[in-house]
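The structure appears below as structure tokens.
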Amino acid sequence: MWSARIRVTARWAVAALVAAGVVAAVGTEANAVQTTTNVAYAPADPAGSRGHLLDLYVPDGAGPWPLVVWSTGSAWTSDDGKSGANAIAQQLNPRGIAVAGVSVRSSSQAKFPAQVYDIKAAIRYLRANAAQYRIDPARFATMGDSSGGWVAAMGALTGGVAALEGQIGTTGVSSAVQAGVDFFGPTDFIRLAQQDQGGWIDHNSPDAPEAQLLGCAIPSCPDKARQADPIRYVDANDPPMLLLHGRADNVVPHAQTEILYDALKAACVDTRFFSVPGAGHSHADVTSSSRYGQQTVRTTQGCRETVTQGSPNPSWDTIAAFLKDAWADVDPGPGPTDEPTQEPTDEPTDEPTGGPTDEPTGGTTSSPAPQGRCTATYTVVSSWPGGFVSEVKVAANAAVDGWRVAVTLPSGTATNVWSGQSTGTSPLTVTNAPWNGRLGAGQSTVFGFQGTGSGAGATVTCTAA
């Protein structure tokens, strides 16, 4: 269905690095995975930070396997974007697709365009070391959610943009990818304020997440803001793009993905856009089977658009099929002549992939009672053997200027928190980020975290600041 469009400059660079032999069919099922963690794709900057680390989840077998480069969103506040990749690998590894969870530096560690330099450095490292890791350097895709969706879109749409390449880590290798998947990432910073009127983020404030990324309030630096907009880089040579956004998203306006889709359609880029009613700011919610049959699907292929209602579903089978179609026509060319440029930092260990559920797996607990100024509701949105991802919805029953949530896990620990500031691991205390503490009566916000264990049975208590 999808015509894989590869930049001419990227084609020869990729072809020169493809491993010799027959490429493994992307439809091959894989029931086991080898995991390599904390690989340094570039030196830590600042020293001791995690923004230049990646984790690899590669299906068992000879390969080479196509690769999804994943980054978890955090409003650019965390340097551990690789942490959410385990849940994605649980979905894609059994479908014959390797996953690399890539961390980029946080906005407090480095300002734009450092994060784009980072994702491109990770792609170059993985491509240069493809044979070592049994991945196919001609079949890469970026994927991420929220600010990680922005990372994925920038990685996919800026192939060949020299000003955003950077000189971090491995150089002299193509950073182009052959597909991009963007879960509800921001696409046009200047239009955020207009599209999110009445929202709980003041997008014109210097404390807004995007302002922290740029180092300036958006109204004061429109030219720099435009340089960070994925929509700015859309052109006819872009790879196929898959866009997914919930219409109940109260963090990134749904309109941000609408305008990116319209720009891709105008440039005749093969694109599919899932607009999912009722789904919030969570990739587990957007892909949940409880949402199937409700979505509007806009598809552009060969400059022609079709619109369908309720089909296909925004499932992981659909996402994998999109990637396979995007990769199908790539010509791998001859085998490589060079050895990988860097050695991995850890030995891989075998780890089975458990089957996650698309539906939330945990119950909910709200506290304090409704007459309190805020309540917290806890949900496990994805789980796998030994790990989980949870979200906590904070709702204001009366206007609050800040909030604090105590999370008690019956077992395990929290390993990464986004859209909040955390202390401890179990019990875990999360306070609001600078941009989501002020809530009017009836307004709500969401923070999330990854943890070890099952995540089931946790209790949460919200206290207004």
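Using our numbering, the first residue of the sequence shown is number 1042, and each one after it goes up by one. Think of the CB as a built atom: it goes at the ideal place given N, C-alpha and C, for glycine as much as any other residue. Quick caveat, the model's predicted, so the values are computed rather than measured.
Compare the C-alpha of residue i against each of the options and name the closest.
i     : options                    : result
S1124 : S1431, P1100, N1477        : S1431
D1279 : A1307, Q1208, K1434, A1455 : A1307
Q1350 : T1340, I1129, Q1335, A1277 : Q1335
A1507 : R1414, N1473, T1076, P1475 : The requested residue 1507 is not part of the displayed model; the chain covers only 1042 to 1506.
E1206 : A1088, Y1166, P1107        : Y1166
F1235 : V1293, A1204, H1286        : The residue asked about is misnamed: residue 1235 is Gln in this sequence, not Phe. Taking only the C-alpha atoms, the option nearest Q1235 is V1293.
T1456 : S1495, A1482, A1437        : S1495
G1114 : G1226, G1200, T1416        : G1226
D1366 : D1086, Q1208, V1327, T1312 : T1312
G1453 : G1413, D1223, G1498, S1485 : G1498
Y1333 : G1483, G1427, Q1342, S1356 : S1356
F1363 : Y1274, Q1297, R1175, P1281 : P1281
G1190 : N1477, L1284, R1339, A1304 : L1284
L1469 : T1500, L1108, G1428        : T1500
A1277 : L1108, D1303, G1427        : D1303
V1275 : S1261, G1413, A1194        : A1194
G1428 : R1175, E1299, G1089, A1128 : A1128
Since I believe residue j is in contact with residue i (beta carbons under 8 Å), could you give me their beta-carbon distance rounded to a whole number of angstroms?
i     : j     : result
L1198 : S1144 : Actually they do not touch by this definition, with Cβ atoms about 21 Å apart.
T1347 : P1353 : So it is not a contact: roughly 12 Å between Cβ atoms.
V1371 : R1180 : 6 Å
V1202 : A1169 : That belief does not hold up - the Cβ atoms of V1202 and A1169 are roughly 20 Å apart, past 8 Å.
G1321 : A1361 : Contact doesn't hold; Cβ gap of about 23 Å is too wide.
G1200 : V1192 : That pair is no contact at about 14 Å.
G1483 : L1450 : Their Cβ separation, rounded to whole angstroms, is 29 Å, which puts G1483 and L1450 out of contact at 8 Å.
P1247 : Q1150 : Contact doesn't hold; Cβ gap of about 18 Å is too wide.
W1027 : A1130 : Here the chain has residues from 1042 to 1506 only, and residue 1027 is not among them.
Closer than 8 Å by C-beta to residue i: which residues in its own chain qualify, once you throw out the five before and the five after it? Chain order, please.
i     : result
P1084 : H1093, G1210
Q1268 : F1153, P1154
G1196 : V1110, V1157, I1160, K1161, I1164, T1183, S1216, V1218, G1221
G1231 : Note on identity: in this sequence residue 1231 is Ile, with Gly being the wrong assignment. Closer than 8 Å at the Cβ level, and outside the excluded window around I1231, lie I1259, P1263, A1266, R1267, D1270.
G1481 : W1241, A1437, A1440
V1487 : N1291, V1292, G1321, H1322, S1323, E1432, V1433, K1434, V1435, S1460
The beta strand (DSSP E) with residue i in it runs from where to where?
i     : result
F1315 : 1312 to 1317
D1096 : 1094 to 1100
T1464 : 1462 to 1464
S1431 : 1428 to 1437
D1223 : 1221 to 1224
If you drop the 5 nearest sequence neighbours on each side, which residues of the same chain put their C-beta closer than 6 Å to that of residue i?
i     : result
T1472 : R1445, Q1462
V1422 : S1323, A1325, P1401, V1430, E1432
G1489 : E1432, W1459
Q1253 : S1148
A1116 : S1188, P1250, S1460
R1479 : D1442
T1118 : S1147
L1301 : T1228, I1272
H1295 : H1286, R1288
T1382 : Low local confidence applies: a pLDDT of 38 at T1382 is under 50, so the model's placement there is unreliable, with the coordinate-based value given in what follows. These residues qualify, in order along the chain: A1169, T1211.
P1475 : D1248
What is the residue span of the alpha helix (DSSP H) that residue i lies within?
i     : result
A1141 : Unbroken run through A1141 is the beta strand (DSSP E), 1139 to 1143; no alpha helix (DSSP H).
Q1131 : 1126 to 1133
I1231 : 1230 to 1236
T1188 : Residue identity differs from the one stated: residue 1188 is Ser in this sequence, not Thr. Element bounds for S1188: 1188 to 1198.
A1361 : 1357 to 1369
Y1174 : 1171 to 1174
Q1335 : It is not in any alpha helix (DSSP H) - Q1335 carries neither H nor E in the DSSP assignment.
R1273 : First-last for R1273: undefined, no H or E at that position.
P1250 : 1250 to 1255
D987  : An answer regarding residue 987 cannot be provided, because it is not within the stretch 1042 to 1506 covered by the chain.
V1202 : That residue, V1202, is in no alpha helix (DSSP H); it is neither H nor E in DSSP.
A1325 : 1324 to 1327
Contact the stretch 1313 to 1322 vs the stretch 1252 to 1270: 3+ CB pairs below 8 Å: no
Three-pair Cβ contact test at 8 Å for the stretch 1098 to 1108 versus the stretch 1438 to 1457: no
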